[in-house]
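2 protein chains.
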Amino acid sequence: MSERNITADRRTLGFLLRQPYERLQREVYGGLAARGFPDIRPAHSAVFRHIAARGSRLTALAEQAGMTKQSMAYLVEGLAEGGYVATAPDPQDGRARLVKLTARGRRVWDALIALSAEAEARIAARVGPARLAELRAILEELAEG
Amino acid sequence: MSERNITADRRTLGFLLRQPYERLQREVYGGLAARGFPDIRPAHSAVFRHIAARGSRLTALAEQAGMTKQSMAYLVEGLAEGGYVATAPDPQDGRARLVKLTARGRRVWDALIALSAEAEARIAARVGPARLAELRAILEELAEG
DNA sequence: CGATATAGACAGATAATCTGTCTATCTGTC
DNA sequence: GACAGATAGACAGATTATCTGTCTATATCG
Numbered sequence: 198m199s200e201r202n203i204t205a206d207r208r209t210l211g212f213l214l215r216q217p218y219e220r221l222q223r224e225v226y227g228g229l230a231a232r233g234f235p236d237i238r239p240a241h242s243a244v245f246r247h248i249a250a251r252g253s254r255l256t257a258l259a260e261q262a263g264m265t266k267q268s269m270a271y272l273v274e275g276l277a278e279g280g281y282v283a284t285a286p287d288p289q290d291g292r293a294r295l296v297k298l299t300a301r302g303r304r305v306w307d308a309l310i311a312l313s314a315e316a317e318a319r320i321a322a323r324v325g326p327a328r329l330a331e332l333r334a335i336l337e338e339l340a341e342g
Numbered sequence: 198m199s200e201r202n203i204t205a206d207r208r209t210l211g212f213l214l215r216q217p218y219e220r221l222q223r224e225v226y227g228g229l230a231a232r233g234f235p236d237i238r239p240a241h242s243a244v245f246r247h248i249a250a251r252g253s254r255l256t257a258l259a260e261q262a263g264m265t266k267q268s269m270a271y272l273v274e275g276l277a278e279g280g281y282v283a284t285a286p287d288p289q290d291g292r293a294r295l296v297k298l299t300a301r302g303r304r305v306w307d308a309l310i311a312l313s314a315e316a317e318a319r320i321a322a323r324v325g326p327a328r329l330a331e332l333r334a335i336l337e338e339l340a341e342g
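One line per chain: the protein sequences are A and B, in this order.
Count along the first sequence starting at 1, add 197, and that's the number in the numbering used here.
Count along the second sequence starting at 1, add 197, and that's the number in the numbering used here.
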């Protein structure tokens, strides 16, 4: 390895992807804390991203987020304690409970969208909207393959 | 929020960045496991990325990785148990110890570089080298600002 | 020499995941 | 209608990756 380290010649793509990702997260979840939701953490996005307006089953949320039911149950439990979601029995299936956003949860959902858009607008301001659109296009392309 | 969820209209940039990042990580650390290093986890990259050939201080590694000394000590401890790094007193400073890659650690370092390059080559094969270069360029630009 | 800063070890906490096991409930087949 | 097997999700416990706070040893500066 001589005198070099991994990042000396050329940063790995993983490194380059992680940096803006973590910055976005800091901005969005910092903003959420500033808006009065300090107990919402990045992991909770797994819930907010997929939850349906009528309520979602724990199992469905876990599957959509690509994690175990147990892990999702842990996240939902935290959100329920904070009053962001409430669970109710599923009238269609006695085994299941439906997890649904409360009014407070919907405010977080709105804030998440607004803060994401703001963070993205800041990037557009820095590198130009064309450059950002290009980035989006390549990442969408990558997501498909 | 009507019938939609966050990802319905337009995926957040954070979501788009996370996907390829996690895929890369799976590929690289899966490949590392296949090459006989199953105990090297993504978090260990914080050590491999910055460690100097002559050895690095724990404090320096922690600072470069942007984490606490305690967290870095935990990572280094795991690597030392696996025989990837060894620590020795710093002759220049009696308080300090130098963390250095062993021969086995250098093999991991080499594998990390090779696997990262391979993963990147697979992306180039999928979207074209020009597209990948564009992605890199935008991400480098983002990293500066 | 003494004050202060630094290196890093130790103790303990927390977040975010996992596996494994268990009960309740549903559904399809005989 | 009963029973077998699948599914929903709760409970127990473990692991990984981080943190804060405190402590000792050593260095350095005035």
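The C-beta atom is built at its ideal place from N, Cα and C for all residues, glycine as well.
Residue j beta carbon less than 7 Å from that of residue i
{"i": "ILE335(B)", "j": "ARG328(A)", "result": "yes"}
{"i": "PRO235(B)", "j": "LEU339(A)", "result": "no"}
{"i": "LEU295(A)", "j": "ALA285(A)", "result": "yes"}
{"i": "LEU213(B)", "j": "VAL244(B)", "result": "no"}
{"i": "TYR281(A)", "j": "GLY302(A)", "result": "yes"}
{"i": "LEU255(A)", "j": "ALA270(A)", "result": "yes"}
{"i": "ALA283(B)", "j": "THR299(B)", "result": "yes"}
{"i": "GLY211(A)", "j": "LEU221(B)", "result": "yes"}
{"i": "SER268(B)", "j": "THR209(A)", "result": "no"}
{"i": "ARG323(B)", "j": "GLY342(A)", "result": "yes"}
{"i": "HIS241(B)", "j": "GLN261(B)", "result": "no"}
According to DSSP, residues forming a beta bridge with residue i
{"i": "SER253(B)", "result": "VAL296(B)"}
{"i": "ASP290(B)", "result": "ASP287(B)"}
Residue i: first and last residue of the uninterrupted alpha helix (DSSP H) it sits in
{"i": "SER270(B)", "result": "Note on residue identity: the sequence assigns Ala, not Ser, to residue 270(B). ALA270(B) -> alpha helix (DSSP H) spans 266-278."}
{"i": "PRO217(A)", "result": "210-231"}
{"i": "PHE245(A)", "result": "242-245"}
{"i": "PRO326(B)", "result": "326-341"}
Residue span of the beta strand (DSSP E) that contains residue i, given as start and end
{"i": "ALA283(A)", "result": "282-287"}
beta-carbon residue i near the ligand SAM non-hydrogen atom, thresh 6 Å
{"i": "GLU315(B)", "result": "For the structure depicted, the ligand SAM is absent and the ligand set is empty, with no information on it obtainable."}
Within chain A, the residues that residue i reaches when beta carbons sit closer than 7 Å
{"i": "LEU255(B)", "result": "In chain order: nothing, as chain A lies at least about 16 Å away."}
{"i": "PRO288(B)", "result": "Simply none; closest approach about 20 Å."}
Under 9 Å from the C-beta of residue i: neighbouring residues of chain B
{"i": "VAL305(A)", "result": "Result: empty, since nearest Cβ-Cβ is about 11 Å, beyond 9 Å."}
{"i": "ILE237(A)", "result": "Within 9 Å Cβ-Cβ: nothing; ILE237(A) doesn't reach chain B, min ~13 Å."}
{"i": "LEU221(A)", "result": "THR209, LEU210, GLY211 and LEU214"}
Contact list for residue i against chain A, beta-carbon separation under 8 Å
{"i": "GLN216(B)", "result": "LEU336, LEU339 and ALA340"}
{"i": "VAL324(B)", "result": "ILE335, GLU338, LEU339 and GLY342"}
{"i": "VAL225(B)", "result": "GLY211"}
{"i": "GLN267(B)", "result": "Chain A residues near GLN267(B): none, gap ~20 Å exceeds 8 Å."}
Where residue i meets chain B, residues with beta-carbon distance less than 8 Å
{"i": "PRO317(A)", "result": "For clarity, residue 317(A) is Glu in the given sequence; the question names Pro instead. THR209 and LEU210, listed in chain order."}
{"i": "ARG328(A)", "result": "ILE335 and GLU338"}
Partner residues on chain A for residue i, Cβ-Cβ distance less than 9 Å
{"i": "GLU331(B)", "result": "GLU331, LEU332 and ILE335"}
- Count the C-beta pairs between the segment 294-310 of chain A and the segment 311-318 of chain B that are closer than 8 Å, then say yes if the count reaches three, no if not. Taking one beta carbon from each stretch, the segment 294-310 of chain A and the segment 311-318 of chain B have fewer than 3 pairs nearer than 8 Å; the two do not touch.
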